[in-house]
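Chains as they are written, first to last, in the working numbering: chain A, 254 to 442; chain B, 254 to 442.
As structure tokens, then:
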């Protein structure tokens, strides 16, 4: 399963892709960040972000896209730009029929570090360790995008195993078939 | 000058187009609303809104697009969806190289009714009168989209006259040429 994570933002939009399955080592496919100048108008910025996300989707060909869920409560000044950049990422993925998953920052932190209140450095350290990288991806937005993708593989995996367990229960006497590579059609939704 | 107004929203996204110039009667070109079901996932909703806006841009061929500027302060529950729908509208327009203008709700109300705190009914009444319509456009989102487009024509006109006045000042002795139909390249930015 190949997942592209997007940490949305107008000034810096983190992008990261990983490949693997729950319970096995994950591999980093790509990591990067799209920057758009604050002095550009909002239309030019969103179009630039869209173009780069489209390029990534063409090249990376992910099975699913994980985007950070934005809350209006946090960082009122920047939240509108974050919501707008997230809309671009979600629309690009959905237009291609790719499953889009939204994960909250605390879901990602909890999945990666075991602590929903972990700071950026802890998340970056764990991303570096999980993907066996030589150095922590920078800026933090890039590491956060990888964290989103990792979180999605791990959470999607849990959903798969649960779905398989339930499917197994539905057929009396059937063993729960653990097919680690199997991707449930609803996974990532 | 033909302007398409967008009152962004996920549940109801108002669309309206008008044609004319400041100081002359305006004509309504089209009015409508895109609705997306709350039970659909965010990706499907944004893609549906994008498809309808693209269809409008193809058919209406506006010179500029006016979108309501969204503030994080208002209606915290729905503001994220509003910001996301606005991002789709802005991106569709900017991708085509169309000027995108953002007007705040109070700018629109002040331009249409003379009162920045006017209620929806007052705005609808004035839109009906200005465009010489038989009935008030419904729902309110559709009337608000027309109000945005009217506001943009009227404000754009003011910007043009100012730009022309400044241009006139730059050439000593030159008269300020009032060309009401002239569209300044920077208008609507």
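Note that beta-carbon positions come from the ideal geometry of N, C-alpha and C, so glycine has one too.
These numbers were taken from a predicted model, which means no experiment stands behind them.
Asked	Found
Output, in sequence order along the chain, the residues in the region 254-288 of chain A whose CB is closer than 7 Å to any CB in chain B.	none
Excluding the 5 residues flanking residue 411(A) on each side, which residues of the same chain have their C-beta closer than 8 Å to its C-beta?	Its pLDDT being 44, under 50, residue 411(A) is placed unreliably in this model, and the value from its coordinates should be taken loosely. Closer than 8 Å at the Cβ level, and outside the excluded window around residue 411(A), lie 275.
As a quick exercise: from 280(B), 352(B), 282(B), 336(B), pick the residue whose alpha carbon is nearest that of residue 302(B).	336(B)
Going by alpha carbons, who is nearest to residue 298(B) out of 263(B), 363(B), 305(B)?	263(B)
Which residue marks the beginning of the beta strand (DSSP E) containing residue 281(B), and which one marks its end?	280-288
Buried or exposed for residue 397(A), going by 16 or more other Cβ atoms inside 10 Å?	buried
Reducing DSSP to helix, strand and coil, say where residue 260(B) ends up.	strand
Taking residue 350(A) as the reference, give the member of 310(A), 338(A), 357(A), 391(A) with the closest Cα.	310(A)
Could you tell me whether the Cβ atoms of residue 259(A) and residue 318(A) are closer together than 8 Å?	yes
Residue 306(B) touches chain A at which residues, Cβ-Cβ below 8 Å?	Neighbours of residue 306(B) on chain A: none; closest Cβ ~11 Å, over 8 Å.
Applying a beta-carbon distance threshold of less than 8 Å, which residues of chain B neighbour residue 337(A)?	336, 337, 339, 340, 343
Within 8 Å of any Cβ in chain A, is that where the Cβ of residue 303(B) sits?	yes
Could you confirm whether any beta carbon from chain B is found closer than 8 Å to the beta carbon of residue 363(A)?	no
Is the separation between the beta-carbon of residue 295(B) and that of residue 320(B) shorter than 8 Å?	no
Using beta carbons (cut-off 8 Å, strictly below), is residue 313(B) in contact with chain A?	no
What is the DSSP secondary structure of residue 367(A), reduced to helix, strand or coil?	coil
From the DSSP secondary-structure annotation, give me the bridge partner or partners of residue 356(B).	321(B)
Rounded to whole angstroms, what's the CA-CA distance from residue 356(A) to residue 401(A)? Just pull it up for me.	7 Å
Would you say residue 398(B) lies against chain A (beta-carbon separation less than 8 Å)?	no
Can you find the residues in the same chain that come closer than 8 Å, C-beta to C-beta, to residue 279(B), ignoring five residues on each side of it along the sequence?	271, 272, 273, 383, 384, 403, 406
Show which residues of chain B have a CB atom less than 8 Å away from the CB atom of residue 346(A).	296
Among residues of its own chain, excluding the 5 on either side of residue 267(B), which ones have a beta-carbon nearer than 6 Å to its beta-carbon?	260, 286, 394, 395, 397, 398
Out of 388(B), 364(B), 265(B), 347(B), state which residue places its alpha-carbon closest to the alpha-carbon of residue 334(B).	265(B)
Exposed or buried, residue 415(A), counting other C-beta atoms within 10 Å across all chains shown (16 or more means buried)?	The predicted position of residue 415(A) is uncertain, since its pLDDT is 46 and thus under 50; no value can be drawn from it.
Name the chain D residues that come within less than 8 Å of residue 299(A), Cβ to Cβ?	The chain inventory of the structure shown lacks chain D, comprising the protein chains A and B.
Going by C-alpha distance, which of 360(A), 283(A), 277(A) is nearest residue 314(A)?	283(A)
Does residue 312(A) pass the burial test, meaning 16 or more other C-beta atoms within 10 Å, or should it be called exposed?	exposed
Should residue 362(B) be labelled buried (16 or more other beta-carbon atoms within 10 Å of its own) or exposed?	buried
Would you kindly report the start and end of the unbroken beta strand (DSSP E) that includes residue 268(A)?	265-272
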